[in-house]
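What follows is a set of notes on a single structure, which appears directly below.
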Amino acid sequence: MATARLNIPSGTAPRVVIVGAGPAGTRCAETLLAAGLVPTLVDENRRDGGQIYRRQPEGFRRDYATLYGSEAHKARALHDSFDRLRPRIDYRPDTLVWNLTPGQLCCVSQGRHFTLDYDALILCTGATDRLMPLEGWQLAGTYSLGGAQIALKAQSVSIGHRVVFMGSGPLLYLVASQYLKAGAQVAAVLDTSPLGKRIAALPKLLARPGLLWTGMKLLAQLCLARVPVHLGIQPVRVLGDAQGGVSLVQVKTAKGDGLDVECDALALGYHLRPETQLADLAGCRLAFDPASSQWLLELDEAGRTSVSGVYAAGDGAKIRGADGAEHAGRLVALALLEDLQQPVNAAELDEQRQALAVMDQFRLGLAQAFPWPSAQAKALPDTAIVCRCEMISAGELRRTVSEKGACEVNRAKAFSRVGMGRCQGRYCSQAGAEVIAAAAGVAVQEVGRQRGQAPVKPLSMLTGEVAP
Amino acid sequence: MKGRFVRLGERERAPVRLLVDGTPIEALQGDTLMVALLTQGPALRQSEFDSGRRAGFCLMGACQDCWVWTRAGERLRACSSEVREGLDILTTQPEAVWPLHG
Chain A
17 MATARLNIPS GTAPRVVIVG AGPAGTRCAE TLLAAGLVPT LVDENRRDGG
67 QIYRRQPEGF RRDYATLYGS EAHKARALHD SFDRLRPRID YRPDTLVWNL
117 TPGQLCCVSQ GRHFTLDYDA LILCTGATDR LMPLEGWQLA GTYSLGGAQI
167 ALKAQSVSIG HRVVFMGSGP LLYLVASQYL KAGAQVAAVL DTSPLGKRIA
217 ALPKLLARPG LLWTGMKLLA QLCLARVPVH LGIQPVRVLG DAQGGVSLVQ
267 VKTAKGDGLD VECDALALGY HLRPETQLAD LAGCRLAFDP ASSQWLLELD
317 EAGRTSVSGV YAAGDGAKIR GADGAEHAGR LVALALLEDL QQPVNAAELD
367 EQRQALAVMD QFRLGLAQAF PWPSAQAKAL PDTAIVCRCE MISAGELRRT
417 VSEKGACEVN RAKAFSRVGM GRCQGRYCSQ AGAEVIAAAA GVAVQEVGRQ
467 RGQAPVKPLS MLTGEVAP
Chain B
779 MKGRFVRLGE RERAPVRLLV DGTPIEALQG DTLMVALLTQ GPALRQSEFD
829 SGRRAGFCLM GACQDCWVWT RAGERLRACS SEVREGLDIL TTQPEAVWPL
879 HG
């Protein structure tokens, strides 16, 4: 593995900033601290754990088994590790990094702006749900799958009285079964991936037989509870009204029949997309990943980006899940220590690399078993909304291609505003790229990717400035 | 529809009282504003770009579809702000809306 020497003025301790206090950020901070480096850990959330091991607020009483199911021991171990770290590192919760320049982060916390200087930056920024629009998805009551899970985990509420789970990926079955167990009414689980894809992916999924078994158990639980589970469906539309929101989900089954499911909530998602905006602003190269059909950071095996002193780990780097994030967090810390010419235990380095190789095999299996449904974008009716922030339709986006010749996503964004709304493209830019590519008759990687822009999330005009 | 969200547990928390568009509501300690509002009604806010009501989307501070305001004009993400006794929340944007779609 190539190391990239970092030059720190002699006699000074390197200033290391980690962004994100989920599994990757926590294990990274722990590994650095064990080697004698005291990192600054910035996190947008009020409490540690990231999204996957998000902690419930003070005053809630559910135990670990109820909250995290089969992953309870991992959640507890991560939280315990963090509690031990917390007094020994510079922890900045409730803090958004909204921009960066070489060596300096721009942050905002509770309405106050400040800067943080760094010699090394480790981005553990995680992922959000990956969304493919369908007609009517802007109606109140449609939530992202991850959002539906947060409602349950962090607040002990269901997103509706009768909930449909639609999309694809392991999270679909996990969240549906968590809802079922918590006493919510699950109207149906509608998966766009056909069974054949999963069978074909079995050799790769067997890299982690335990996890594969857990997935099969979730499916069995849903079937035992007589929840209708349909594989290989095609989403058609969400019906409802502008005031009351969602009332019906229409799909086409694998056999081609129409299926209507009455509901007042829809949880929708197609696995995850990485949060790469900060790395993008730092000038890190991204590359198109054909397996998952999305742009990912270009990284070496240990998490070094193309920019010296900038590293990435966890789902923000590559979607390998929570276990993978813990390993990647440790490994990236070891890489940084190497680059600082500090002694690194070769056996530990090897152990993390081997563990990650297994997770990567499984990642490829998941991408094959639950593919991103790019064909849906092509088939979207012109009236379907692509940008739910600003209500911009597939037809408007297609016209930027046919009338203005905008076959590159940033240019199409300038004309159509798809990707310019307040979510800044998080929920529309990937589907938007598919719509543009289909309209232009080229492969999706040919239309480029939406550039990250500062501020990476909206700031209030009331934000004040304080001395660092 | 009365409430969009349904409480499935954790009901033994202390009550917190706040105002939403001038009407008093009762929530529970530790609720996010989103849960406080959506356990009592179908939506959080009005879309600026069409006639639709909105009720949030991602719950993790990424989509910005759950903005509400304090009477003092501070903008809050309802999904990641906790209720506090006496909060005075408005669900309509205090500034003028830019008429992008006519």
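Line order of the protein sequences matches chains A and B.
To convert, count from 1 in the first sequence and add 16; that's my numbering.
To convert, count from 1 in the second sequence and add 778; that's my numbering.
Ideal Cβ placement from N, Cα and C applies to all residues, glycine included.
These numbers were taken from a predicted model, which means no experiment stands behind them.
Residue i versus residue j - alpha carbon distance
i, j, result
"A/A164", "A/I175", "6 Å"
"B/G800", "B/D866", "7 Å"
"A/L112", "A/R442", "16 Å"
"A/V35", "A/R108", "10 Å"
"B/L815", "B/A821", "8 Å"
"A/C405", "A/L353", "42 Å"
"A/M17", "A/E317", "Confidence in A/M17 is poor, its pLDDT being 44 and thus under 50, which makes the residue's placement unreliable; the coordinate value appears in the next sentence. Cα to Cα, A/M17 sits roughly 8 Å from A/E317."
"A/A470", "A/A449", "21 Å"
"A/W153", "A/P306", "27 Å"
"A/P30", "A/L356", "8 Å"
"A/S476", "A/S445", "24 Å"
"B/L786", "A/A410", "38 Å"
"A/V265", "A/D273", "14 Å"
"A/A52", "A/G27", "The displayed chain sequence assigns Gly, not Ala, to residue 52 of chain A. Near 14 Å, if we compare the C-alpha coordinates of A/G27 and A/G52."
"B/G880", "B/F827", "Low confidence applies here, because B/G880 scores a pLDDT of 42, under 50, leaving its location unreliable and the question unanswered by this model."
"A/I105", "A/G285", "36 Å"
"A/Q384", "B/C857", "33 Å"
"A/Q310", "A/L380", "13 Å"
"A/R467", "A/D296", "7 Å"
"A/L83", "A/L22", "42 Å"
"A/V202", "A/V58", "37 Å"
"B/G830", "A/S418", "29 Å"
"A/V245", "A/P251", "14 Å"
"A/V254", "A/R438", "23 Å"
"A/P389", "A/A453", "14 Å"
"A/R100", "A/E46", "9 Å"
"A/A393", "A/L227", "31 Å"
"A/G162", "B/V794", "27 Å"
"A/Q72", "A/S172", "9 Å"
"A/A422", "A/Q237", "48 Å"
"A/I408", "A/V402", "6 Å"
Contact list for residue i against chain B, beta-carbon separation under 9 Å
i, result
"A/Q171", "F783, R785, E788, G808, D809, T810, M812, V813 and L837"
"A/R43", "In chain order: nothing, as chain B lies at least about 21 Å away."
"A/S476", "E852 and R853"
"A/C439", "F835, C836, A840, C841, Q842 and D843"
"A/I166", "C836, L837, M838 and C857"
CB-CB length for residue i against residue j, believed under 8 Å
i, j, result
"A/R465", "A/H287", "17 Å between Cβ atoms; not a contact."
"B/T810", "B/S859", "6 Å"
"A/E314", "A/T141", "With 8 Å as the limit, A/E314 and A/T141 do not qualify as a contact, their Cβ atoms being about 16 Å apart."
"A/A328", "A/G345", "Going by Cβ atoms, the distance from A/A328 to A/G345 rounds to 10 Å, so no, they are not a contact pair."
"A/V180", "A/A204", "5 Å"
"B/W847", "B/Q871", "7 Å"
"A/G157", "A/G261", "4 Å"
"A/A20", "A/R289", "27 Å between Cβ atoms; not a contact."
"A/P210", "A/G248", "3 Å"
"A/P39", "A/A338", "5 Å"
"A/A170", "A/R70", "6 Å"
Partners in chain B for residue i, counting only beta-carbon separations shorter than 7 Å
i, result
"A/G75", "R791, Q807 and G808"
"A/I175", "F783"
"A/M436", "Per Cβ cutoff of 7 Å: no residues; A/M436 is ~11 Å from chain B at best."
"A/Q67", "M838"
"A/E60", "G839"
"A/R100", "In chain order: nothing, as chain B lies at least about 25 Å away."
Chain A residues whose Cβ lies nearer than 9 Å to that of residue i
i, result
"B/R795", "The contacting residues do not exist; B/R795 stays about 16 Å from chain A at best."
"B/P881", "What is shown of chain B runs 779 to 880, which leaves residue 881 of chain B out entirely."
"B/G830", "Q154, L155, A156, D257, A258, Q259, G261 and M407"
Interface partners of residue i on chain A, CB under 8 Å
i, result
"B/D799", "Correct list: empty, because the minimum Cβ distance to chain A is about 16 Å."
The ligand GDP heavy atom lying under 8 Å from the CB of residue i
i, result
"A/A362", "Judged by which ligands are present, the structure shown has none, so any question about the ligand GDP falls away."
Contacts of residue i in chain B (Cβ-Cβ under 8 Å)
i, result
"A/R78", "G787 and E788"
"A/Y84", "Within chain B, no residue comes near A/Y84; the closest Cβ sits about 15 Å away, beyond 8 Å."
Proximity test, Cβ basis, 9 Å: residue i and chain E
i, result
"A/G152", "Looking for chain E here will not work: the only protein chains present are A and B."
Uninterrupted alpha helix (DSSP H) stretches inside the region 109 to 148 of chain A (no shorter than 4 residues): Whole alpha helix (DSSP H) segments, 4+ residues: zero.
Listed from N- to C-terminal order along the chain, which residues in the region 134 to 163 of chain A have their beta-carbon within a distance smaller than 8 Å of any beta-carbon of chain B? So the close ones are T144, D145, Q154, L155, A156, G157, T158, Y159, S160, G162 and G163.
Interface residues of the region 861 to 876 of chain B facing chain A [CB-CB below 8 Å]: Across the region 861 to 876 of chain B, no CB contact with chain A closer than 8 Å is found for any residue.
Segments of 3+ residues assigned as beta strand (DSSP E) that fall wholly inside the region 325 to 404 of chain A: Residue ranges of uninterrupted beta strand (DSSP E) with 3 or more members, entirely inside the region 325 to 404 of chain A and ordered along the chain, are 326 to 328 and 401 to 403.
Closer than 9 Å, Cβ to Cβ, to anything on chain A: give me those residues from the region 840 to 858 of chain B, in chain order. Hits within the stretch, in order: A840, C841, Q842, D843, W845, G851, E852, R853, C857 and S858.
For the region 217 to 303 of chain A, list the alpha helix (DSSP H) runs that are entirely contained and at least 4 residues long, ordered along the chain. Fully enclosed alpha helix (DSSP H) runs of 4 or longer: 218 to 221, 225 to 240 and 293 to 297.
Chain B contacts made by the region 180 to 207 of chain A, where a contact means CB separation under 9 Å: Flagged, chain order: Y195, A198, G199, A200 and Q201.
Output the residue ranges of the alpha helix (DSSP H) runs that lie fully inside the region 183 to 223 of chain A and measure 4 residues or longer, sorted by chain position. Listed in chain order, the complete alpha helix (DSSP H) runs (minimum 4 residues) inside the region 183 to 223 of chain A are 186 to 198, 211 to 216 and 218 to 221.
Name the residues in the region 439 to 453 of chain A whose C-beta lies less than 9 Å from a C-beta of chain B; which are they? Hits within the stretch, in order: C439, Q440, R442 and Y443.
Identify every run of the beta strand (DSSP E) within the region 399 to 475 of chain A, keeping only runs that are complete inside it and at least 3 residues long; order them along the chain. DSSP runs (the beta strand (DSSP E)) wholly in the region 399 to 475 of chain A: 401 to 403.
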